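Asks: Read in order, the letters of the first sequence correspond to residues 1 to 538 in UniProt numbering. C-beta: ideal position from N, C-alpha, C; glycine also. Values in this document were obtained by computation on a predicted structure and should not be read as measured data. My questions all concern the structure below.
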Amino acid sequence: MLGNCCIRNGSLHQTLITLLDQFQPNSFSFSVVKQIHALLIVSGFSKQHLFASKLFSLFADSGNADYTHHLLLHNPSPSVVHWNRVIRSFSNNSTPNKSIKVFVEMQQFGIIPDHYTFPFLVKASARLASIEHGMSLHSLVLKSGYQLDIFVQNSLIHMYAACGEILYARKVFDEMRQRTNVTWNSMLDGYAKYGDLKRAREVFEFMPDKDIVSWSSLIDGYVKGGEYGEALKVFDRMMVAGEPKANEVTMVSVLGACSHLGALEQGRLMHRYIVENKLSLNLVLLTSLVDMYAKCGAIEEALVVFRTIPKHKTDVLLWNAIIGGLASHGYVQESLELFVEMSKVRVAPDEITYLCLLSACVHRGLVKEAWEIFESLKRSGMIPKSEHYACLIDVMARAGQVGEAYDFLNEMPLDPTPAMLGALLNGCMSHGRLDLAELLGKRLVEVDPHHDGRYVGLSNLYATIKRWDDAKMMRQAMDITGVKKFPGFSYVEISGNLEMFIAHDKRHPKSVDIYMMVNFLLRQMKKVLDCDEGNTLY
DNA sequence: CTAGGGTTAG
Numbered sequence: 001m002l003g004n005c006c007i008r009n010g011s012l013h014q015t016l017i018t019l020l021d022q023f024q025p026n027s028f029s030f031s032v033v034k035q036i037h038a039l040l041i042v043s044g045f046s047k048q049h050l051f052a053s054k055l056f057s058l059f060a061d062s063g064n065a066d067y068t069h070h071l072l073l074h075n076p077s078p079s080v081v082h083w084n085r086v087i088r089s090f091s092n093n094s095t096p097n098k099s100i101k102v103f104v105e106m107q108q109f110g111i112i113p114d115h116y117t118f119p120f121l122v123k124a125s126a127r128l129a130s131i132e133h134g135m136s137l138h139s140l141v142l143k144s145g146y147q148l149d150i151f152v153q154n155s156l157i158h159m160y161a162a163c164g165e166i167l168y169a170r171k172v173f174d175e176m177r178q179r180t181n182v183t184w185n186s187m188l189d190g191y192a193k194y195g196d197l198k199r200a201r202e203v204f205e206f207m208p209d210k211d212i213v214s215w216s217s218l219i220d221g222y223v224k225g226g227e228y229g230e231a232l233k234v235f236d237r238m239m240v241a242g243e244p245k246a247n248e249v250t251m252v253s254v255l256g257a258c259s260h261l262g263a264l265e266q267g268r269l270m271h272r273y274i275v276e277n278k279l280s281l282n283l284v285l286l287t288s289l290v291d292m293y294a295k296c297g298a299i300e301e302a303l304v305v306f307r308t309i310p311k312h313k314t315d316v317l318l319w320n321a322i323i324g325g326l327a328s329h330g331y332v333q334e335s336l337e338l339f340v341e342m343s344k345v346r347v348a349p350d351e352i353t354y355l356c357l358l359s360a361c362v363h364r365g366l367v368k369e370a371w372e373i374f375e376s377l378k379r380s381g382m383i384p385k386s387e388h389y390a391c392l393i394d395v396m397a398r399a400g401q402v403g404e405a406y407d408f409l410n411e412m413p414l415d416p417t418p419a420m421l422g423a424l425l426n427g428c429m430s431h432g433r434l435d436l437a438e439l440l441g442k443r444l445v446e447v448d449p450h451h452d453g454r455y456v457g458l459s460n461l462y463a464t465i466k467r468w469d470d471a472k473m474m475r476q477a478m479d480i481t482g483v484k485k486f487p488g489f490s491y492v493e494i495s496g497n498l499e500m501f502i503a504h505d506k507r508h509p510k511s512v513d514i515y516m517m518v519n520f521l522l523r524q525m526k527k528v529l530d531c532d533e534g535n536t537l538y
């Protein structure tokens, strides 16, 4: 079709040049370019350098690294530029190790690397987190005399940080004579990823021209470090300053902070910001929105966003977000329906998908269904992990099948984790198997001696059966091992303000009202449990 | 005739 069109126009040559120029790396279909390629071969243009070069660039940028490599080997005399493009393709691909392979191959062909070659290779070793590759490349850089190239230096900082060698990253940084924003940002992100938020902040405050990458790196650092409030503060500061403008990447991190805080109003504001500023709603951002609404308790809004997304554009992360959201709201039936829908659009579930479904069963006490999901997981060729086993033990224990759960625990091919022992212990407590509970409680203290709750759990057990001396002994054991009891706490957002609640805390000004409501809710929950009609969403 | 290709944030 394409060919007919060009030939009728009478100027194949000109048309193809125009066509090729119009393609942007990410906005063309691989098959269309292949058609053009075929046309060029048929019409004898393929030997013309201009076409070959343009085509080659398009393939390289489209992420078809293997095809680009194939083209390269068919080129009678590829230059270092061509090799570089292939090496870059692989370093951005899912197979960065191949870019190092191609580098070796290139040298076998007698091609000498230049200062463009090294940043790609160093990036590949960063993605592989391979300090061995990284350091031997660094020595090659020194041998070839490219150590003062700022792109090379920047990539080395990133590589050392990605390999966890933050001091080496800093050494490269300190020895640089001049620095660009990328230099500062790489160092900042290095510290943030390393978990040293204090130093990340220092770099951020000190650097001359903070751009959107600087702000996004710092915000994401706080989110990854669990300092969600600080992440939002930094975001606010950026908004007040008015520039730089937040982009899609920034919003993904900020939405993550809202999710963890349960800050629904904040999250809605972010959603509005995204729409009003016409940020592109790519799949990553949409997934963050779905996740935010789901984690903030607004499952209907999560579904509204989810339903706007064309099914052929979805991936497993999006499905996990919505299935997990439904599951944690107790909508087991709906989450299973979406699981079926997901396989219909040919998105393969992963172990997280199964974990979401299993935890849904735990919430609603569905033992039989949990087993079915577990079997389905094994049928799909995945190997269940300890979290999956823990869900099964939990759901059995809650249902009072304590003996069965205990047998399962002993027969499974993994070592029991604290989560499994704890779940089983809770089951024993609520179903009166205090003999087994004591055994498990002791085992838990053994495997998890620094966890405050383990001692408290056992102490409470002894209190229940009025073995006061043993209960006291557990408290003393905590003093001896130096384990401190930290109260549990959570955040809730009420009309835009974040409120922190600490377990058994009576200091809140509305404490009396709050506990009245808690007791009311507990009674309501008991009623629902007595006549479990289930709840439906649609 | 001798261009062409680069590093950082989700």
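1) Just the C-alpha distance for His115 and Gly381, rounded to the nearest angstrom, thanks.
2) Do you know whose CA, among Lys233, Val240, Gly242, lies nearest Ser253's CA?
3) With a threshold of 8 Å on Cβ separation, who are the neighbours of residue 539 within its own chain once the five nearest residues in sequence on each side are excluded?
4) Please list, in chain order, all residues of the same chain as His329 whose beta carbon is under 7 Å from its beta carbon, the five residues on each side excluded.
5) Check each candidate in Val223, Arg179, Lys224, Tyr515 and name the one with the smallest Cα separation from Phe206.
6) Residue range of the alpha helix (DSSP H) that Pro418 falls in?
7) Within the UniProt repeat "PPR" (350-384), note down every full alpha helix (DSSP H) run reaching 4 residues or more, in order along the chain.
8) Might you give, ordered along the chain, the residues of its own chain that have their beta carbon closer than 6 Å to the beta carbon of Lys295, omitting 5 neighbours on each side?
9) Under the rule that 16 or more other beta-carbon atoms within 10 Å means buried, what is Arg379, buried or exposed?
10) Which class does Met159 belong to by DSSP, given the choice of helix, strand or coil?
11) Taking its Cβ as the centre, do 16 or more other Cβ atoms sit within 10 Å of Val528, making it buried, or is it exposed?
12) Beta-carbon separation of Gly325 and Ala302 under 7 Å?
13) In chain order, what residues of the same chain lie with their CB nearer than 6 Å to the CB of Cys428, ignoring the 5 residues before and after it?
14) What do you get for Phe118, buried or exposed, if any count of 16 or more other CB atoms within 10 angstroms of its CB means buried?
15) May I have the straight-line CA-CA distance separating Ile87 from Gly482, to the nearest angstrom?
16) For Tyr191 and Glu227, what's the separation of their Cα atoms in angstroms?
17) Just the Cα atoms here: how many angstroms apart are Asn519 and Met238?
18) Starting from Ile309, trace the alpha helix (DSSP H) in both directions and tell me its first and last residue.
19) Is Met500 helix, strand or coil when you go by DSSP?
20) Considering only residues of the same chain and omitting the five flanking positions on each side of Ile212, which have a CB-CB separation below 8 Å?
21) If you draw a straight line from the alpha carbon of Ser511 to that of Phe374, how long is it in whole angstroms?
22) May I ask which residues mark the beginning and end of the alpha helix (DSSP H) holding Val445?
23) With DSSP collapsed to three states, give me the class of Ser335.
Replies: Inspection of the coordinates gives the following:
1) 45 Å
2) Lys233
3) This structure leaves residue 539 out entirely; the chain is present only between 1 and 538.
4) Ile299
5) Arg179
6) 418-430
7) 351-364, 367-379
8) Ser259
9) exposed
10) helix
11) exposed
12) yes
13) Val402, Leu436, Ala437
14) buried
15) 54 Å
16) 15 Å
17) 42 Å
18) Counting along the chain, Ile309 falls outside any alpha helix (DSSP H), and DSSP gives it neither H nor E.
19) strand
20) Pro244, Lys245, Ala246, Asn247, Val249, Thr250
21) 43 Å
22) 434-447
23) helix
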